[in-house]
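Residue numbers (numbering that gives the first Met the number 0): 0 to 226. Heads up: the structure comes next, in structure tokens.
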Amino acid sequence: MEPHLSIVMPALNEAGRIVQALERLARAAPGAERVVCDGGSSDGTPDLARPWARVVTAARGRARQMNAGAAAASGDWLLFLHVDTAPPEGFAAEIARAAQGGFRAGAFGLRIAGRHPLLPLLAWGAGLRTRCRGLAFGDQGLFARRDFFLARGGFPDLPLMEDYAWTRDLRREGVPLYVSPLAMTTSGRRWDEWGFWRTWWRMRRNQWRFARAGKAESLAGDYGDVR
């Protein structure tokens with residue numbers, strides 16, 4: 000029996016994508032609860048989402064929004080999914096497999112839908128990092144048992160890198176991460192907008208700076224927003 004799943008989706012001014020994303024989830028996992036946590040959209044995103052999901056509001060910031068969505072969710076397990084990320088067929092069964100294996104948290108592999116020919120190599124590297132080092136980012140579909148997630152206090156309240164910090168802390172505490180062989184497909188819009196090498200350099204620099212200093216406040220402005 001699959002555990003009751005809640006899909007938590009942070010959103011900010013995603014009127015052009017939110018309905019398509021929620022329709023896709025309704026078809027792929029009709030029994031899952033869908034929770035959209037809005038960070039103060041000005042384009043009608045919450046109204047568009049309400050026919051498809053429970054909508055909660057929170058202070059702007061992906062970590063704060065996802066934590067608010069987790070607190071409002073009713074499922075035994077939580078899947079945190081970005082609006083521009085599409086789950087693979089069978090993703091709910093993978094989370095059930097993790098639950099049956101005694102895991103408390105996990106992540107999927109990654110596929111980046113974009114124009115540059117090196118994006119598959121980049122996605123492969125992300126999967127290798129997760130399998131070998133237990134580190135994952137939000138576009139890989141992080142998931143966790145709800146009671147475990149809430150007991151830990153949710154994602155750290157950071158403007159950026161909250162996903163990396165969360166999985167890093169799990170690794171440090173010896174909590175094993177279930178790594179699914181299936182891959183989430185995330186939009187390459189940032190790569191297409193900024194260019195491959197410029198985006199790669201920004202991301203690598205921010206990861207290095209965060210790993211070295213442990214502070215994300217100075218990184219958010221450099222990372223930017225392509226919505």
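The beta-carbon is built from N, C-alpha and C at its ideal position, and this holds for glycine as well. The structure presented is a predicted model; accordingly, all values stated were derived computationally and were not measured.
Whole-angstrom Cβ separation of L118 and I94, contact assumed at under 8 Å?
-> 26 Å between Cβ atoms; not a contact.
If you draw a straight line from the alpha carbon of R105 to that of G43, how long is it in whole angstroms?
-> Residue identity differs from the one stated: residue 105 is Gly in this sequence, not Arg. If I take the Cα positions, the gap works out to 32 Å.
Three-state secondary structure assigned by DSSP to R110 = strand
Compare the beta carbon distance of T84 and D138 with 7 Å and say whether it is the shorter of the two.
-> yes
DSSP-derived helix/strand/coil call for G124 = helix
Residues that E32 bridges to, as DSSP identifies them = S5
Candidates D75, R114, V82, A125, of which the one nearest F102 by Cα | D75
Looking at C-beta atoms only, is the number of pairs between the stretch 49-68 and the stretch 107-122 that lie closer than 8 Å three or more?
-> no
Between the stretch 39-54 and the stretch 148-157, do three or more beta carbon pairs fall short of 8 Å?
-> no
Flag this pair as yes or no: are the beta carbons of S40 and N66 separated by less than 7 Å?
-> no
Could you tell me if A92 is buried or exposed, where buried requires 16 or more neighbouring beta carbons within 10 angstroms of its beta carbon?
-> exposed
Consider the C-beta atom of A28 and the heavy atoms of the ligand COA; say whether any pair is separated by less than 6 Å.
-> Absent from the structure shown: the ligand COA. Ligands present: none.
State yes or no: is the C-beta of T184 within less than 7 Å of the C-beta of A135?
-> no
Buried or exposed for V225, please, with buried defined as at least 16 other CB atoms from any protein chain shown within 10 angstroms of its CB.
-> Confidence at V225 is low in this model, with a pLDDT of 38, below 50, so the placement of that residue is unreliable and no value is reported for it.
Along the chain, where does the alpha helix (DSSP H) that runs through W76 open and close?
-> Note, W76: premise wrong, no alpha helix (DSSP H); beta strand (DSSP E) at 76-79.
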